[in-house]
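So the structure is just underneath, and the comments pick up after that.
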Amino acid sequence: MTEFTTWDILRNLLLATRWTLLLSLVSFIGGSVVGLCLLWLRISPRAALRRLAKGYIELFQGTPLLMQLFIAFFGLGLFGIDVPAWLAAGVALVLWSAAFLAEIWRGCVEAIAKGQWEASASLGMGRLQQMRYVILPQALKIAIPPTVGFSVQVIKGTALTSIIGFVELSKAGTIVTNATFQPFTVYGLVALIYFALCWPLSKSSQILERKLNVAHRNH
């Protein structure tokens with residue numbers, strides 16, 4: 649029987665961590681792009697577009713991510729379409745992330761005083777120009793801490809993709825445990841790796857939030 653050292657276990661887990669990081673990055677970047685589109689619809693002067701974006705956000709925030717993963721992976725399979733686990737995981741996490749990011753950013757945009765909208769409109773700016781040159785630069789400062797904080801949820805959310813067969817850190821932990829029969833060592837290392845990924849982001853979010861509050865009080 650092959651003996652597995654702690655280093656052997658850690659090496660295999662670190663190899664799987666690459667996929668966790670890649671999926672997190674794809675989900676966050678893709679979610680940001682879709683989230684910006686949702687934000688634009690959410691603050692649109694047209695009620696129909698606002699309702700459309702609100703419906704999307706409520707759907708994805710109001711249903712479990714696990715269910716969304718199942719639908720992305722097995723749903724198209726009902727029509728005879730074979731969906732790879734990595735594609736289903738990426739699509740589900742992008743759409744899920746977009747709903748939360750759009751709502752985070754909407755709150756930041758609405759935190760900007762209405763006088764800023766009125767002042768920029770008096771200068772003859774269109775809505776797109778108002779957003780680009782006046783509103784978004786100010787909202788960005790407010791949005792950075794919660795956005796960085798949400799990235800932690802994206803990383804932890806990737807663990808659920810193991811249920812559809814995507815081999816990321818959590819799934820690798822199960823595979824290595826079955827091979828080594830050392831669950832305490834394996835899952836202890838898995839927890840440490842997740843902590844090493846998430847703690848710096850959580851700390852950065854707290855630091856940025858404190859700096860923002862200090863800057864706001866100084867004004």
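Mapped onto my numbering, the consecutive letters of the sequence shown carry residue numbers 649 to 867.
Cβ atoms here follow ideal geometry from the backbone N, Cα and C, with glycine treated the same way.
All values reported here derive from a predicted model rather than from experimental measurement.
For residue i, three-class secondary structure by DSSP
i      : result
Glu816 : coil
Arg754 : helix
Val731 : coil
Glu706 : helix
Phe829 : coil
Ser692 : coil
Thr711 : coil
Thr653 : coil
Gly774 : coil
Ala740 : helix
Ala759 : coil
Ala701 : helix
Start-to-end residues for the alpha helix (DSSP H) that takes in residue i
i      : result
Glu766 : Lys762 to Ser770
Phe721 : No alpha helix (DSSP H) holds Phe721; DSSP gives it neither H nor E.
Ile602 : Outside the shown range of the chain, which is 649 to 867, sits residue 602, and nothing can be said about it.
Selected residue, minimal CA-CA separation from residue i, among the options
i      : options                           : result
Trp667 : Lys859, Leu849, Leu845 and Leu707 : Leu845
Ala761 : Pro793, Leu784 and Pro712         : Leu784
Leu743 : Ile677, Thr822 and Lys819         : Ile677
Lys819 : Trp734, Lys859, Gln786 and Ile855 : Trp734
Ser672 : Thr833, Glu816 and Lys851         : Glu816
Ile790 : Leu686, Gln830, Arg659 and Arg754 : Arg754
Gly797 : Leu661, Phe708, Glu651 and Phe748 : Phe748
Ser799 : Ser852, Val757 and Thr653         : Ser852
Phe843 : Asn826, Glu857 and Gln801         : Gln801
Gly763 : Ala750, Pro712, Ile752 and Gln786 : Gln786
Leu776 : Pro693, Ser675, Arg699 and Val682 : Pro693
Thr665 : Thr711, Phe814, Leu717 and Phe708 : Phe814
Glu751 : Leu717, Ala720, Leu689 and Gly774 : Leu689
8 Å contact criterion, which residue i and residue j should meet: CB distance rounded
i      : j      : result
Ala746 : Ile812 : Not a contact, Cβ separation roughly 19 Å.
Val782 : Ser768 : 4 Å
Leu868 : Pro794 : Look at the range of the chain in this structure, 649 to 867, and you will see that residue 868 is not part of it.
Near the ligand FAD: residue i beta-carbon under 7 Å from a heavy atom
i      : result
Leu697 : Here there are no bound small molecules, and the ligand FAD is not part of this structure.
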